[in-house]
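Colleague:
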Amino acid sequence: MITFMRRYRKGLQVGLLVVIIAFVASLFVFGSRSFDGSSGEAGDRVATVNGERITRKQYQDRYQAVMEYYSQVNRGRLSAEMAEQLGLPQRVVDELVTEAVVVQRAQAEGLGLDDEEFNASVHTMREFQDNGRFSMDRYRRFLQMRGPEAERELRRYLTLRKVQRVIVGGVRVTDAEVEQAWQLRQEQVRAAWALVELAPLMTSVVASDEDIAEYLKTHADEFKQPERRRVQYVTLVAKDFTPKVSEGDVEKYYTEHVKEFETPRQLRASHVLVRVGETGGSEAEDKARDKIADVIRRAKAGEDFAKLAREVSEDPGSKEKGGELGWVSQGDMVPPFDQALFAMKKGELSAEPVRTPFGFHAIKVLDVKEGTKKPLKEVAGPIRDRLAAEAAEKAAKAKADEVRPALVSAKDFMAQARSLGLTPIETTMAKTPKPPGFTGESLDEAAFGLALGGVTAPVKTPAGWVVLKVTESLPAGVPPLAEIRDRVAASVKRQKADALASTRAKQVTEDAKSGNLDAAAKKVGASYGETPRFSRGKPAERLPGDAQVAALQTPVGETSPAVRTPQGYYVVKVLERAPAGPVDPLEKDKLERELTGQKQNQMWERWVLAARGDARIDIVGQKPARRG
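Each number in my numbering comes from the position in the sequence shown (counting from 1) with 555 added on.
(1) Got a sec, what are the start and stop residues for the beta strand (DSSP E) L666 sits in?
(2) What's the call for W513, buried or exposed, on a 16-neighbour Cβ count within 10 Å?
(3) Can you grab the Cα-Cα spacing for the pair F697 / Q684, in whole Å?
(4) Please tell me whether Q613 and V601 are closer than 9 Å, where the distance is taken between their beta carbons.
(5) Here's the rule I'm using: 16 or more other beta-carbon atoms within 10 Å means buried, otherwise exposed. How should K842 be labelled?
(6) Quick one: grab the DSSP three-state call for T1016.
(7) How far does the alpha helix (DSSP H) with T797 in it reach, from first residue to last?
(8) Is it a yes or a no for the region 1034-1049 touching the region 768-779, going by three-plus beta-carbon pairs under 8 Å?
(9) Measuring alpha carbon to alpha carbon, tell me which residue in G914, Q1050 and K966 is nearest R681.
(10) From this set, K1093, R1091, L1098 and S1090, which residue's C-alpha is nearest G1084's C-alpha?
(11) Is E858 a contact residue of the ligand ADP, with contact defined as CB to any heavy atom under 8 Å?
(12) Are the region 997-1009 and the region 806-824 touching, with three or more C-beta to C-beta distances below 8 Å?
(13) Counting along the chain, where does the beta strand (DSSP E) carrying M984 start and finish?
(14) Under 9 Å, do Q971 and S884 count as touching if we go by C-beta distance?
(15) Buried or exposed: where does D859 fall if 16 or more other Cβ atoms within 10 Å of its Cβ makes it buried?
(16) Would the region 1150-1164 and the region 713-731 be scored as touching if the rule is three or more Cβ pairs under 8 Å?
(17) What three-state label does DSSP hand K1024 in the structure shown?
(18) Exposed or buried, which one is E907 when buried takes at least 16 other CB atoms within 10 Å?
(19) Which of the three DSSP states, helix, strand or coil, is assigned to E945?
(20) Could you check what DSSP says for S825 in three-state terms: helix, strand or coil?
(21) My understanding is that R939 touches V1022, with C-beta atoms under 8 Å, so please give their C-beta distance in whole angstroms.
(22) Does the beta-carbon of W1020 have 16 or more other beta-carbons within 10 angstroms, so that it is buried, or is it exposed?
(23) Counting beta carbon pairs with one atom in the region 1045-1059 and one in the region 748-764, are three or more of them shorter than 8 Å?
(24) How long is the line joining the alpha carbons of F590 and G642, rounded to whole angstroms?
(25) Identify every run of the beta strand (DSSP E) within the region 739-768, keeping only runs that are complete inside it and at least 3 residues long; order them along the chain.
(26) For A620, does the three-state DSSP call read helix, strand or coil?
(27) Of the choices K876, A824, K966 and A861, whose alpha-carbon is the least far from that of K901?
(28) Between the C-alpha atoms of K862 and V920, what's the straight-line distance to the nearest angstrom?
(29) If I measure Cβ to Cβ from L1164 and keep anything under 6 Å in the same chain, skipping five residues before and after, which residues do I get?
(30) Taking one C-beta from the region 1102-1120 and one from the region 740-748 each time, how about it: are there three or more such pairs within less than 8 Å?
(31) From this set, A935, I847 and S837, which residue's C-alpha is nearest T679's C-alpha?
(32) Does the distance from the C-beta atom of P1017 to that of G926 stay below 9 Å?
(33) Pick out whichever of K928, K874 and A946 has its Cα sitting closest to the Cα of S801.
(34) What residue from L931, K846, F796 and A1060 has the CA that sits closest to G1123's CA?
(35) If distances are taken between C-alpha atoms only, which option among V805, K1068 and S1082 comes closest to G1112?
(36) Please say whether V718 and R660 have beta carbons closer to each other than 9 Å?
Okay, structure coming up:
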């Protein structure tokens, strides 16, 4: 559980509480700021759900909240580039749509909150409590911070929480399901395999002119390209303008940015965690708090804290290490844990249970490293490099601004660029869609924003500052064969090689039924090998996943049908099968919890999919989804 406090990636996986986590972050942690700092009226919409608008401001607030949330629970910051690679912008839009769908469906099915339920729920929320009791002052501060929509948004959050509990609350797994899952995961097989590879066959087949023409005729969509622009451009690379940096500049930077070179105070911490859900004030919360209070009492009475952690803690990442978390800097952990930890001294134990979103903790400080500052001589090199890079970037931009007027007025962009000592490039580019909330101009966007013959202002790209001219507009469609001949020929060869490999793999399968798989493989020039025992829990190293699944599903002594993989066609023969045996009692609870979580996710996802299927959803930039 503590590992989640440090890593955002697991949090990005779709799970049962993904909407709740994001919603709570935007409600209680990060206030109401949006990307542009505006807190005014909502802007244009990013989606509509059954007529209910999801505004760009809602998207921006939620996106920033989620970004900051993952930054807090992870060492370092989740960059915008990484967020885009992980699909976070699209996921935020999808979560907002799902949230609207769920709340609307809940209200239609009578699962919404009446005023009495709402008041009771608010009174149990720890965000509005002081010393375990509801604080009206805290609640009023929350309403003031969030603005006029605060109570409506809070009701939506509590509705989401209620609906999820209702939908998944009764989900259980049976002993038979646990037994079946254990057998499926632990059963082992040993197999022989033959591989008919595609790569050697592609070099042996020929793509004739007739083959290429026919393939393009029947597979035109495979080569269809979007609207494009033919462009000419030059790139001014910062490293070509790197200046010398004086010692005085280095000393000045060091003095003005001294905090960058300080190592913060660190504590080596240990903890015991008893997990509890979001049921503030419930019996489960009281039990968890009492359990941690007992740990603190026993530790103060002289019992070994590491031993208590191994006995009691529910944090799998630290339990077996006696609760040890290693060296922690301020800000590494979630705020309540962080505040309690850094208020303590070496050898000190938390006086009372510490509540975080993960449950209750007993915390102990094992050791302390006081903060230090690196001397100038140790950091002068990196400072010099940084200042040089920044200056080079400015110089490259200045050079781009300088050469642009000559390139704008030139009749021949390429010749003019060469006369200026630059290296021009001519190519085509397509426009790629930008995710909602993306800021900054991309090179393709700049190109598509120009009229023919137009020249861009310098555009910042990862490669450097680019000045680009549009020379031709190419409509969407299939390019002339002359432009794509090599691609079509490669597809023809791949198709022929695949058909030949499939035929040989089928021959191997038939020959192996009445003989030896090794001999059948040699007959067609296929590779042969054997695996050690493997299972779904411990896969084989050299056999692709689909081929392993085929082996696990094939009776002992029999041969599987040919399995298509990127490398070619595998034929697998099962040599030995070892049953799993009875369920390990030490693993049963863990497996039962895992299966229960899976069933809950499946139940929730089915309910949400059904609700979305009945909804009229229009996401900006996508074709509207309507009721069937």
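Note that beta-carbon positions come from the ideal geometry of N, C-alpha and C, so glycine has one too.
Computed from a prediction, not measured in an experiment: that's the story for all the values here.
Modeller: On the basis of the data shown:
(1) Per DSSP, L666 belongs to no beta strand (DSSP E) and is neither H nor E.
(2) Outside the displayed span of the chain (556 to 1183) sits residue 513, for which this structure offers no information.
(3) In this structure, the CA atom of F697 is about 12 Å from the CA atom of Q684.
(4) yes
(5) Per the 10 Å Cβ criterion, exposed.
(6) Strand.
(7) Per DSSP, T797 belongs to no alpha helix (DSSP H) and is neither H nor E.
(8) yes
(9) G914
(10) L1098
(11) Among the components of this structure there are no ligands whatsoever, and the ligand ADP is therefore not found.
(12) no
(13) I980 to A985
(14) no
(15) exposed
(16) yes
(17) In this structure, K1024 counts as strand in the three-state DSSP scheme.
(18) exposed
(19) helix
(20) strand
(21) That belief does not hold up - the Cβ atoms of R939 and V1022 are roughly 30 Å apart, past 8 Å.
(22) buried
(23) yes
(24) The predicted model places F590 with a pLDDT of 32, which falls under 50 and marks its position as unreliable, so this point remains unresolved.
(25) List check, beta strand (DSSP E) in window: 743-752.
(26) Per DSSP, reduced to three states, the secondary structure at A620 is helical.
(27) A824
(28) 15 Å
(29) So no residue of the chain qualifies.
(30) yes
(31) S837
(32) no
(33) Among K928, K874 and A946, the Cα nearest to that of S801 is on A946.
(34) Per the Cα distances, A1060.
(35) Looking only at V805, K1068 and S1082, the smallest Cα-Cα distance to G1112 is reached by K1068.
(36) yes
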